[in-house]
């Protein structure tokens with residue numbers, strides 16, 4: 001396993017001060033990006049703060065080879081093979097808005113399925129940060145015909161969005177290991193890249209169990225598909241609460257009961 | 259050792275850097291900053307440039323002699339295909355300038371360079387019902403927040419540094435005709451707002467929320483019969499049910515508080531004007547229709563009405579009563595001072611009231627033609643109506659008798675705030691000379707539909723001008739000087755200790771006048787109509803003046819025959835900032 005660290009910036013200098021031994025050990029080469037993306041260096045500094053990372057098969061990204069619908073590309077990441085995952089950052093190197101979402105599981109597996117918009121063929125990566133501060137990066141290349149991020153959402157184009165905004169529907173499937181929760185929140189998720197339509201998207205969403213304990217936190221960005229649909233493994237829980245906000249301060253607040 | 263010391267020095271430097279950052283973060287807007295806004299010159303933290311709303315700056319570097327040297331510092335374009343009227347007053351704090359724009363947008367820029375820091379585009383549903391253009395008149399600063407209201411009747415608090423939403427509260431249901439365009443004010447930690455929608459049979463109200471969280475503290479309806487609240491509990495009915503309204507009409511009685519209000523610390527009173535009673539057809543609602551077309555003095559702690567004065571009882575002309583009530587010291591000949599307030603009403607009269615009790619001191623015409631009343635009786639405080647000039651009642655399905663009335667419903671003065679200069683003892687009123695044919699029509703209330711029951715056409719009264727900036731002596735009501743303008747005036751006024759008065763014109767100019775004589779001293783063409791509110795401040799030894807530019811508002815939508823004078827005016831959307839360069 002090869003570790004890599006960016007050349008000194010102020011932040012790193014302080015870390016180095018605190019731990020000079022490990023700094024001496026880290027003078028290696030950057031591991032080659034298995035997806036060979038010209039943007040990887042930028043992704044690393046912007047989304048992983050230039051911190052230590054490793055390309056790791058334990059982080060799986062399941063995605064179609066080619067997007068059949070650039071507005072709704074189904075993505076699943078699974079980092080449950082790692083221990084102590086604090087957060088997972090999903091990014092698409094070649095999207096005009098590369099940040100897709102951040103998932104911070106508290107008591108449930110580090111696994112999530114969702115749909116996203118792709119502007120062109122791009123790596124879609126999931127980077128899981130473990131308790132030791134190291135990022136574990138997995139990814140897949142998804143080809144796409146293009147245009148997913150610069151079209152008006154259907155809700156905005158039809159004007160229907162305001163009558164359904166923030167409405168939540170959900171389904172729970174009981175399974176032997178982990179129950180499965182799927183939620184859908186009505187929201188146009190406008191990227192701000194379609195002419196004359198300002199950015200309008202869900203920013204944060206928390207999933208709590210029936211007792212109010214936090215199961216996972218999420219930060220959503222513009223590339224998440226309109227009316228976000230999220231599927232999670234939720235342990236033995238059968239009742240949930242969903243809380244969140246969009247960038248206009250509109251509240252999402254829903255209870256999922258059997 | 260040496261190397262280690264240098265690392266320590268570096269860390270110390272970083273620590274100092276953090277300390278400086280903390281100081282910057284500490285520069286939050288406090289209640290004191292707002293209370294002192296009228297006298298501090300390095301910021302503008304409230305609508306009205308001080309909660310009394312005098313729009314007077316003690317700055318005098320820029321004055322009648324130096325104003326010729328006033329030059330543009332920058333212009334910030336609001337962008338987008340959305341233009342329309344730009345009626346806001348900018349705010350300045352901590353080196354940042356904040357301004358709202360049409361379609362419920364807000365911008366922050368570096369106040370010296372104009373470099374944009376952030377913008378917030380509020381997502382508006384298709385079904386919003388603004389009566390009179392998609393304007394916004396400005397925000398309020400408090401703590402680290404910039405708070406403004408939106409066309410879908412929401413109140414949004416943004417982080418001053420990032421533009422991110424910190425809290426948002428729904429004020430009312432936009433589908434019932436509510437909207438909001440006025441600038442909120444913050445009084446002792448409470449953000450105070452009104453509502454728009456008087457043309458849709460809404461019920462006006464004044465509300466106070468915790469400015470840091472948005473939590474509702476009190477609500478005071480402005481139509482008699484409706485229950486107020488304080489801390490979630492009933493807090494007494496406004497007025498007396500059915501005392502001045504027949505039947506059920508008070509339930510959709512209008513009296514919208516659509517222009518916000520002012521606050522006077524001397525009497526600890528909020529002063530909120532109320533709009534027309536609904537519907538416009540006055541024959542449906544015999545009585546005074548309290549508290550429509552009135553001024554309310556409200557206790558900011560509880561939302562209780564202390565006193566009221568009704569400008570136009572039983573309003574039948576849409577004269578409204580929302581125009582600002584500006585607190586000032588009325589100097590008597592014997593050297594005593596009366597705590598007074600000035601108000602230029604849509605109905606054409608300039609009023610001076612005792613602001614401790616609402617008693618009328620004087621009321622004089624500030625426009626040349628008034629057809630609906632002979633005058634205001636100083637003993638009773640009531641208008642002496644000319645009954646013939648009230649538009650007639652509809653007969654069956656037929657419209658009623660049409661009358662020609664002056665002023666028109668767009669008013670001797672509309673929303674655009676006047677200014678008071680304590681050095682010249684004059685009010686500077688942006689007045690308009692126009693009349694209207696007006697008649698009544700049958701009408702019934704339907705949620706979310708226009709509730710007027712009237713038809714109208716506005717007509718200019720003079721060939722050569724509609725607008726007239728007028729300097730009024732509040733002691734006598736006499737007009738000391740006037741500056742005429744071809745198109746109707748629709749922008750706010752600013753006056754300074756430099757013997758200057760600033761206002762804009764729909765023809766695109768920001769103009770400066772000599773405050774004593776009315777002589778035009780300076781003008782600048784901004785490229786689109788100026789219907790916003792100019793403001794001024796000092797930064798790093800230089801005096802700045804800012805004004806939004808962008809033609810729109812109610813005139814192009816409702817102006818009738820006035821269209822001839824304004825249809826060629828082009829839309830826009832930008833913030834112009836000027837400065838008087840330092841001379842060494």
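Residue numbers (our numbering), protein chains in the order written: chain A, 1 to 258; chain B, 259 to 842.
No residue lacks a Cβ here, since even glycine has one placed at the ideal position from N, Cα and C.
If you're wondering where the values come from, they're calculated on a predicted model, not measured in any experiment.
Contact with chain A is found for residue 381/B, since one of that chain's Cβ atoms lies less than 8 Å from the residue's Cβ.
Among the residues facing chain A, residue 446/B is not included, as its CB has no counterpart in that chain under 8 Å away.
With contacts defined as CB atoms closer than 8 Å, residue 215/A and residue 207/A qualify as a contacting pair. Put simply, of 748/B, 412/B and 436/B the residue whose alpha carbon is nearest the alpha carbon of residue 426/B is 412/B. Listed in chain order, the beta strand (DSSP E) elements of length 3 or more contained wholly in the region 809–840 of chain B are 832–838. Apart from the 5 residues on each side of it in sequence, residue 560/B sits with its Cβ closer than 8 Å to the Cβ of 476, 488 and 493 in its chain, given in chain order.
Nearest to residue 55/A by C-alpha distance, out of 47/A, 33/A, 72/A and 117/A, is 33/A.
Within the region 63–87 of chain A, the beta strand (DSSP E) runs of at least 3 residues that lie entirely inside it are, in chain order, 73–78. Ranking 251/A, 242/A and 237/A by CA distance to the CA of residue 108/A puts 237/A first.
Contact of residue 414/B with chain A by beta-carbon distance below 8 Å involves 248 and 249. Among the residues facing chain A, residue 426/B is included, as its CB has a counterpart in that chain under 8 Å away. Within the model, the alpha-carbon separation for residue 296/B versus residue 797/B is close to 16 Å.
Shown here, residue 108/A sits in coil according to DSSP, grouped into three states, outside any helix or strand. As for any beta strand (DSSP E) of minimum length 3 sitting wholly inside the region 455–498 of chain B, the runs are 463–468, 474–479, 485–488 and 491–495, ordered along the chain. Contact check for residue 649/B against residue 692/B fails: the beta carbons are separated by 8 Å or more. Taking a 10 Å sphere around the C-beta of residue 576/B, we find 16 or more other C-beta atoms and assign the residue as buried. Looking at the DSSP output, residue 359/B sits in a beta bridge with 363/B. When only Cα atoms are considered, residue 750/B and residue 99/A end up about 44 Å apart. Taking a beta-carbon distance threshold of 8 Å, residue 338/B counts as an interface residue toward chain A.
Look at residue 449/B: its C-beta is not under 8 Å from any C-beta on chain A. In the structure shown, residue 46/A falls within a helical segment according to DSSP collapsed to helix, strand and coil.
Assignment of beta strand (DSSP E) within the region 690–719 of chain B, counting only whole runs of 3 or more residues, yields 692–698 and 712–718 in chain order. Not a single CB atom of chain A sits nearer than 8 Å to the CB of residue 333/B.
The beta carbon of residue 423/B sits closer than 8 Å to some beta carbon of chain A.
Within chain B, the C-beta atoms nearer than 9 Å to that of residue 198/A come from 338, 363, 377, 378, 379, 380 and 381, in chain order. If you look at residue 324/B, you'll find it isn't in any beta strand (DSSP E); DSSP assigns it neither H nor E. In this structure, the CA atom of residue 485/B is about 13 Å from the CA atom of residue 500/B. Minimum Cα-Cα distance from residue 466/B among the listed residues 419/B, 444/B and 503/B corresponds to 444/B. In this chain, residue 555/B is not harboured by any alpha helix (DSSP H); it is covered by the beta strand (DSSP E) spanning 552–556.
Interface annotation, residue 159/A: in contact with chain B, CB-CB separation under 8 Å.
According to the DSSP assignment, residue 739/B belongs to no alpha helix (DSSP H) but to the beta strand (DSSP E) extending over 737–743. Nearest C-alpha to residue 611/B among 752/B, 735/B, 346/B and 316/B: 735/B. Taking CB atoms only, residue 384/B has a neighbour in chain A less than 8 Å away. Per DSSP, the unbroken alpha helix (DSSP H) holding residue 291/B starts and ends at 289–293.
Close to chain B, meaning a Cβ-Cβ distance shorter than 7 Å, are the following residues of the region 138–163 of chain A: 159 and 162.
Apart from the 5 residues on each side of it in sequence, residue 299/B sits with its Cβ closer than 7 Å to the Cβ of 315, 316, 317, 795 and 796 in its chain, given in chain order.
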